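To start, the structure under review is shown below, and the notes come after it.
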Amino acid sequence: VGVDGRWFLIDAGRGCLMRLAAAGVGPTLLERLLVTHLHSDHVTDLNDVITTRWITGFPPLPLPVVGPQGTQRFVDDTLRMLGPDIGWRVAHHDDVVAGPEVHVTETTGVMGEVVVDDGVRIIAAPTDHRPVHPTVAYRVEADGRSVVLAGDTVPCEGLDHLCAGADVYVQTVVRDDVIRNVPVPRLHDVLDYHSTVADAARTAARSGVGTLVLNHCVPTPGPDPDGPNGRNEWLALASEHFDGEVLLPDDLDRIPVGT
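Residue numbers for the sequence shown follow the UniProt record's numbering, so the first one is 1 and each next one is one higher.
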């Protein structure tokens, strides 16, 4: 999320720094990392964010991180894992005299907790991705505009609280109609702790948001927009339940908020 040159990264999934670089946002430009939950696919590149921001900063910059309870322990474990690499880099660079600093703020689970308020207001609320617990979503507000980053969750009170009247609502989604046709029980397990396309659309309609953005789509939409499981199928499913704008963007697409 970008606000007048201030950049906030939501989760640190696979390849996130490569995508940031392609978008022209180096890791030293990040003001804060917001973690929704500690599932591996959402934090697997935290080590890359920490080390690359540290070693490319002149001087090295601390990384502020906000996340659910357990984030501090995860960061500590990550830094321990990086111990040898950190030691080698300190030994190699005369101007690097200490390892990376990561400043963690853990959310409390209070509904509507304000975790940042310095021109950009960031509000957190608990979500439901059980058995993963705790999990949170974030609402980022600035200049009368708002965007909600939900992460993985089923519809819940916290999500409704954050989404109320938001300009943009970004939700990870699954296609239950497709997944149920795959004869692999383990794949069916994803259905009980993710929002379906219809779930996300109903949340958007119920909360009065302006634009619904579908992301982290499972399964990946097919290459033919008009073919089976194509982009247009996903959009049509959402539009059955939500009359506002629905987007299914590609990586590096930019979505204006409140314009």
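Every residue gets a Cβ at the ideal spot worked out from N, C-alpha and C, and that includes glycine. All of these numbers come straight from a predicted model, not from anything done at the bench.
- For secondary structure counted as the alpha helix (DSSP H) over 4 or more consecutive residues, the region 110-196 holds these complete runs in sequence order: 157-163, 176-179, 185-188.
- V168 sits away from V114, with the two beta carbons spaced by 8 Å or more.
- In the displayed model, P64 falls within a strand according to three-state DSSP.
- As far as DSSP is concerned, W234 takes part in no beta bridge.
- A distance below 6 Å between beta-carbons, with the five flanking residues on each side excluded, links V75 to the following residues of its chain, in chain order: V102, V104.
- Apart from sequence neighbours up to five positions away, the residues of its chain that approach L29 with a beta-carbon distance below 6 Å are W7, ordered along the chain.
- Inclusion of T135 and P64 in the CB contact set at 8 Å is not warranted, their separation being larger than that value.
- Restricting attention to beta strand (DSSP E) runs no shorter than 3 residues, the region 30-112 encloses them at 30-34, 63-67, 102-106, ordered along the chain.
- If you draw a straight line from the Cα of D250 to the Cα of V184, it is about 28 Å long.
- The alpha carbon of R130 has as its nearest neighbour, out of V190, L9, P221, A238, the alpha carbon of V190.
- Looking only at D243, A200, G208, P228, the smallest Cα-Cα distance to G165 is reached by G208.
- By the neighbour-count criterion, in which a residue is buried when 16 or more other Cβ atoms sit within 10 angstroms of its Cβ, V1 is buried.
- Sequence-distant Cβ neighbours of D160 in its own chain, meaning closer than 8 Å and more than five residues away, are T203, R206, S207.
- It is roughly 8 Å from the alpha-carbon of G99 to the alpha-carbon of W54.
- Each residue's CA atom was taken as its position, placing R186 and E245 some 33 Å apart.
- T28 carries a helical assignment under DSSP once its states are collapsed to helix, strand and coil.
- In this structure, the alpha-carbon of N215 lies about 20 Å from that of P126.
- Assignment of L247 by DSSP, reduced to helix, strand and coil, places it in the strand class.
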